[in-house]
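Data block below; observations after.
Chains as they are written, first to last, in the working numbering: chain L, 92 to 214; chain G, 49 to 220.
Below, the structure is given as structure tokens:
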């Protein structure tokens, strides 16, 4: 079991190293003057899907978006409760499957309520 | 197969990165950077849980703290005015330092005062599957009641954040 976590740890190390190596290589080649350095305003502007970026990304957001975060937390906790069920699924059988369906069905009531209250609409 | 030295190395690497990122939370002056360092701290704590063979607690830590709590914190930062997003010095600094020092003293005292017994169980076993079995044989009713509690939390969140007049505007 712990070797699987160890493999996940190696994956994490590679995932961190993968973007860092090109940045480090770029800096190193700049230090040794192998990389050309010709900055211009368009090149050093923020890339935004070909659009000209408008303003700062750090604007103040509408308070209504906080509701999405709160609903996300509820569904996240649901995922935590379903995780042990998924791990022990093969040993548990049909009874646990039905129980988990009841668990999801009760939460589905809340989901329908949120849908009806237009809490999921993007504004 | 990872040997014991591998686990020791992993523990020190994870512990060092957790402590450094926790210090950066207090040291960094941009509030959103502080939140991102807090996410690294939460993930590092999850790594320490894995080293302590508590895999379910580690998963819950990643899902709840590194996932949900950090999203709430990022939203809270995004809702504050841009000018207030400084992790600046406050008047709480000296009391917080005293409190943190006292907490450290308590933890160090407990660590050195306790007569630790080394567990005979050597092999790492999954806690999540035994927890799953416990959910469905003795603790079925609490498991389903937890779902009702989550629905109550969801409905409460919607009622608290939605205005009455706004709803009337939608209905019209």
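Don't be surprised by glycine CBs; every beta carbon is placed ideally from N, CA and C.
If I'm right that residue 205 of chain L touches residue 202 of chain G with Cβ under 8 Å, what's the distance once you round it to whole angstroms?
6 Å
In chain L, which residues lie less than 7 Å from residue 199 of chain G when you measure between Cβ atoms?
197, 198, 200 and 201
Of all Cβ atoms in chain L, is any one closer than 9 Å to the Cβ of residue 117 of chain G?
yes
Quick one: which residues of the segment 142-165 of chain L get their C-beta closer than 9 Å to a C-beta of chain G? List them in chain order.
147, 149, 150, 151, 152, 153, 154, 155, 156, 157, 158, 159, 160, 161, 162, 163, 164 and 165
Residue 213 of chain L classed as buried or exposed, judged by whether at least 16 other C-beta atoms fall within 10 angstroms
exposed
Using a Cβ-Cβ distance under 9 Å, would residue 107 of chain G count as near chain L?
yes
Mind pulling the chain L residues with CB within less than 8 Å of residue 76 of chain G?
What residue 76 of chain G touches in chain L: nothing, since even the nearest Cβ is about 15 Å away.
Of all the residues that make up the segment 126-154 of chain G, which are near chain L by a beta-carbon distance shorter than 8 Å?
126, 127, 128, 129, 130 and 133
Determine whether the beta carbon atoms of residue 180 of chain G and residue 170 of chain L lie at a separation below 9 Å.
no
Taking only beta-carbon positions, decide if residue 95 of chain G is within less than 9 Å of chain L.
yes
Exposure label - residue 62 of chain G; buried when at least 16 CB within 10 Å:
buried
Which residues does DSSP list as the beta-bridge partners of residue 77 of chain G?
According to DSSP, residue 77 of chain G bridges with nothing at all.
Using 8 Å for Cβ pairs, my map puts residue 127 of chain G next to residue 152 of chain L. What's the rounded Cβ distance?
6 Å
Is the beta carbon of residue 83 of chain G closer than 9 Å to that of residue 125 of chain G?
yes
Return the Cβ separation of residue 126 of chain L and residue 117 of chain L in integer angstroms, given the expectation that the two are a contact with Cβ distance under 8 Å.
7 Å
Can the beta-carbon of residue 161 of chain L be found closer than 9 Å to that of residue 80 of chain G?
no
Are the C-beta of residue 63 of chain G and some C-beta of chain L separated by less than 9 Å?
no
Can you grab the Cα-Cα spacing for the pair residue 193 of chain L / residue 186 of chain G, in whole Å?
17 Å
Count the other CB atoms, across all protein chains shown, that sit within 10 Å of the CB of residue 150 of chain G; report buried if there are 16 or more and exposed otherwise.
exposed
Please state whether DSSP places residue 126 of chain G in a helix, a strand or coil.
helix
Whose Cβ in chain G lies nearer than 8 Å to the Cβ of residue 183 of chain L?
180, 181 and 184
Between which two residues does the alpha helix (DSSP H) harbouring residue 150 of chain G extend?
141-161
Looking at residue 120 of chain G: is its Cβ nearer than 9 Å to the Cβ of residue 165 of chain L?
no
Using a Cβ cut-off of 9 Å, pull out every chain L residue sitting near residue 22 of chain G, in sequence order please.
What is shown of chain G runs 49 to 220, which leaves residue 22 of chain G out entirely.
What's the gap between the Cα of residue 103 of chain G and the Cα of residue 60 of chain G?
18 Å
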